[in-house]
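Taken in order, these protein sequences are the chains called A and B. Each residue of the first sequence is one higher than the one before, counting from 87 in the working numbering. Each residue of the second sequence is one higher than the one before, counting from 3 in the working numbering. For every residue, glycine included, the Cβ atom is placed at its ideal position computed from N, Cα and C.
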Amino acid sequence: NAGVMQNPRHLVRRRGQEARLRCSPMKGHSHVYWYRQLPEEGLKFMVYLQKENIIDESGMPKERFSAEFPKEGPSILRIQQVVRGDSAAYFCASSPATRSSYEQYFGPGTRLTVT
Amino acid sequence: GENVEQHPSTLSVQEGDSAVIKCTYSDSASNYFPWYKQELGKGPQLIIDIRSNVGEKKDQRIAVTLNKTAKHFSLHITETQPEDSAVYFCAASSYRGQNFVFGPGTRLSVLP
C-alpha cells in the first residue's frame with residue numbers, strides 16, 4: 087500500500103515564476119492537508135481539502151497561493167509569482183474519511199527554493 | 003486559537019538512557035495529540051498518538067501521557083538507540099479532520 091506521494095521532491099524557481107506542487111493521498115484517503123515548514127521550525131497548517139472542496143484555508147496567505155483537489159488526479163498547491171520568502175519545505179498529509187480516524191499521514195515533501 | 007509549546011528544543015542522551023519531551027497546549031477543546039518523528043530530508047512519521055479520553059498509551063519503547071487538567075502531554079522513549087536520533091514534533095487538534103497545530107520540535111541526539 088503506497089504512502090502519500092509528492093512531486094517534485096525538489097523544485098527551483100526564479101522570483102516571479104509559478105510553482106506547482108502535487109500530492110497524491112494514500113489509497114482510500116479522501117482528505118488532504120498542506121503544511122509549510124521553514125528551516126529549523128515546526129509545520130504550519132495551510133489548507134484542508136476534500137475532493138472538489140476546500141474545507142479550511144485559514145492558513146493560506148491571501149495572495150498568490152491557491153489549492154485544489156479535483157475529482158480525478160492529485161491535489162495541487164499553486165504559488166504564483168514566487169518570492170524568496172516562499173522557500174520552504176511543503177508537506178502534504180492525508181487521512182481517511184471515517185468518523186473514528188484522526189490520524190494524518192505525511193508525504194516526503196517538496197523542497198522549494200526560490201532564487 | 004490553539005498554541006502548542008514544546009521543551010526542550012534539543013536533547014542529548016546516552017544510548018540506553020530514557021528521553022522525555024514535554025508539550026503544553028492552550029485550547030481546552032483539543033482532544034487528539036499525535037507525535038511525529040522527522041529524519042533529515044524526510045516527511046514527519048506518526049509514531050504514537052493519544053486521545054483525550056485516555057491518560058496513557060504505550061507502544062514498545064515509546065509511551066505518551068496526557069494530563070488534560072494541566073493541558074500537557076509528554077513523550078517517553080526508553081532504552082534509546084542511535085536510530086532514535088531525529089527531530090520530534092508534538093501536535094494538538096481540536097476536532098476530527100481539521101488541522102494540527104504543531105510544536106516547534108525537539109532535536110534528539112542519542113550518543114553511542
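Spell out a yes or no on whether the stretch 112–127 of chain A and the stretch 172–184 of chain A are touching, meaning 3 or more CB-CB pairs, one atom from each, closer than 8 Å. Verdict: yes, contact present.
Could you check how far apart the C-beta atoms of Ser11 (chain B) and Arg109 (chain B) are, in whole angstroms? I think they sit under 8 Å. Reading the second sequence from its first residue, position 9 is the one you call residue 11 (chain B). Reading the second sequence from its first residue, position 107 is the one you call residue 109 (chain B). At roughly 7 Å, the Cβ-Cβ gap stays under 8 Å, so Ser11 (chain B) and Arg109 (chain B) are in contact.
Can you give me the Cβ contacts of Tyr134 (chain A) inside the same chain, cut-off strictly under 6 Å, excluding the 5 residues immediately before and after it? Position 48 of the first sequence, counting from 1, holds the residue named residue 134 (chain A). Residues of the same chain with a CB within less than 6 Å of the CB of Tyr134 (chain A), apart from the 5 flanking positions on each side, are Tyr119, Ile141, Asp142 in chain order.
May I ask you to list, following chain order, the residues of the stretch 17–51 of chain B that have a beta carbon less than 9 Å from some beta carbon of chain A? Asn33, Tyr34, Pro36, Tyr38, Gln40, Gly43, Lys44, Gly45, Pro46, Gln47, Leu48, Asp51
Taking the straight line between their C-alpha atoms, what separation do you get for Ser76 (chain B) and Pro46 (chain B)? What you label residue 76 (chain B) is simply residue 74 of the second sequence in a count that begins at 1. What you label residue 46 (chain B) is simply residue 44 of the second sequence in a count that begins at 1. Roughly 18 Å separates the two Cα atoms.
Under 7 Å between beta-carbons, which chain A residues line up against Gly105 (chain B)? List them in chain order, please. Looking up residue 105 (chain B) in the second sequence gives position 103. Under the 7 Å cutoff, chain A gives Gly128.
So which residues of chain D does Ser95 (chain B) contact, with C-beta pairs closer than 8 Å? Of the chains in the structure shown, none is chain D; the protein chains are A and B.
Under 8 Å from the C-beta of Asn5 (chain B): neighbouring residues of chain A: Taking the second sequence and counting its residues from 1, one reaches residue 5 (chain B) at position 3. Within 8 Å Cβ-Cβ: nothing; Asn5 (chain B) doesn't reach chain A, min ~12 Å.
Going straight from the alpha carbon of Gln62 (chain B) to that of Val169 (chain A), what length do you get? To locate residue 62 (chain B), count along the second sequence from 1; it is residue 60. To locate residue 169 (chain A), count along the first sequence from 1; it is residue 83. Using only the alpha carbons, I get a separation of about 45 Å.
Chain-ordered chain B contacts of Gly193 (chain A) [CB-CB under 7 Å]: Walking along the first sequence from the start, residue 193 (chain A) turns up at place 107. Those are Gly45, listed as they occur along chain B.
Between the CA atoms of Asn93 (chain A) and Pro194 (chain A) - distance to the nearest angstrom: One-based indexing of the first sequence puts residue 194 (chain A) at position 108. One-based indexing of the first sequence puts residue 93 (chain A) at position 7. Near 9 Å, if we compare the C-alpha coordinates of Asn93 (chain A) and Pro194 (chain A).
When you compare the CB of Gly171 (chain A) with every CB in chain B, is at least one pair closer than 8 Å? On the first sequence, position 85 is the one that residue 171 (chain A) refers to. Answer no: the Cβ-Cβ gap between Gly171 (chain A) and chain B never drops below 8 Å.
Which residue comes first and which comes last in the beta strand (DSSP E) that contains Asn101 (chain B)? Start at 1 with the first residue of the second sequence, and residue 101 (chain B) comes out as number 99. Premise fails: Asn101 (chain B) is in no beta strand (DSSP E) and is neither H nor E.
Sheet register partners of Leu113 (chain B) (DSSP bridge): Locating residue 113 (chain B) in the second sequence gives position 111, where the first residue counts as 1. Beta-bridge pairing links Leu113 (chain B) to B:Gln16.
For Glu7 (chain B), name the three-state secondary structure that DSSP assigns. Locating residue 7 (chain B) in the second sequence gives position 5, where the first residue counts as 1. Three-state result, Glu7 (chain B): strand.
Please list the partners that Phe177 (chain A) has in chain B, where partner means a Cβ-to-Cβ separation under 8 Å. Taking the first sequence and counting its residues from 1, the one referred to as residue 177 (chain A) is at position 91. Going along chain B in sequence order, the residues near Phe177 (chain A) (Cβ under 8 Å) are Gly45, Pro46.
Is Phe91 (chain B) close to chain A, meaning its C-beta is less than 8 Å from at least one C-beta of that chain? Start at 1 with the first residue of the second sequence, and residue 91 (chain B) comes out as number 89. Judged by the 8 Å Cβ criterion, Phe91 (chain B) is in contact with chain A.
DSSP beta-bridge partners for Met91 (chain A)? Counting from one through the first sequence, the residue named residue 91 (chain A) turns up at place 5. DSSP, once it has assigned bridges, lists A:Ser110 as partnering Met91 (chain A).
Could you tell me the boundaries of the beta strand (DSSP E) in which Arg194 (chain A) lies? One-based indexing of the first sequence puts residue 194 (chain A) at position 108. It is Pro, not Arg, that sits at residue 194 (chain A) in the sequence shown. Note, Pro194 (chain A): premise wrong, no beta strand (DSSP E); not H, not E.
Quick one: give me the first and last residue of the beta strand (DSSP E) that Asp51 (chain B) is part of. Sequence index remark: in the second sequence, residue 51 (chain B) carries index 49 (1-based). It spans 47–53 - the beta strand (DSSP E) in which Asp51 (chain B) sits, taken as one unbroken run.
Alpha carbon to alpha carbon, what distance is there between Ala21 (chain B) and Gln167 (chain A)? Residue mapping note: residue 167 (chain A) aligns to position 81 of the first sequence, counting from 1. Residue mapping note: residue 21 (chain B) aligns to position 19 of the second sequence, counting from 1. In a straight line, the C-alpha of Gln167 (chain A) is about 44 Å away from that of Ala21 (chain B).
Delimiting residues of the beta strand (DSSP E) encompassing Ser161 (chain A): Along the first sequence, one-based indexing puts residue 161 (chain A) at 75. For Ser161 (chain A), the uninterrupted beta strand (DSSP E) segment begins and ends at 161–165.
When you compare only the Cα positions, how much space is there between Arg100 (chain A) and Gly171 (chain A)? Counted from its first residue, the first sequence places residue 100 (chain A) at position 14. Counted from its first residue, the first sequence places residue 171 (chain A) at position 85. Their Cα atoms are separated by approximately 12 Å.
Give me, in chain order, the residues of the same chain whose beta-carbon lies closer than 8 Å to that of Tyr191 (chain A); leave out the 5 immediate sequence neighbours on both sides. As a working note, residue 191 (chain A) is residue 105 in the first sequence. Taken in chain order, the residues that qualify are Gly89, Val90, Met112, His115, Ala179, Ser180, Ser181.
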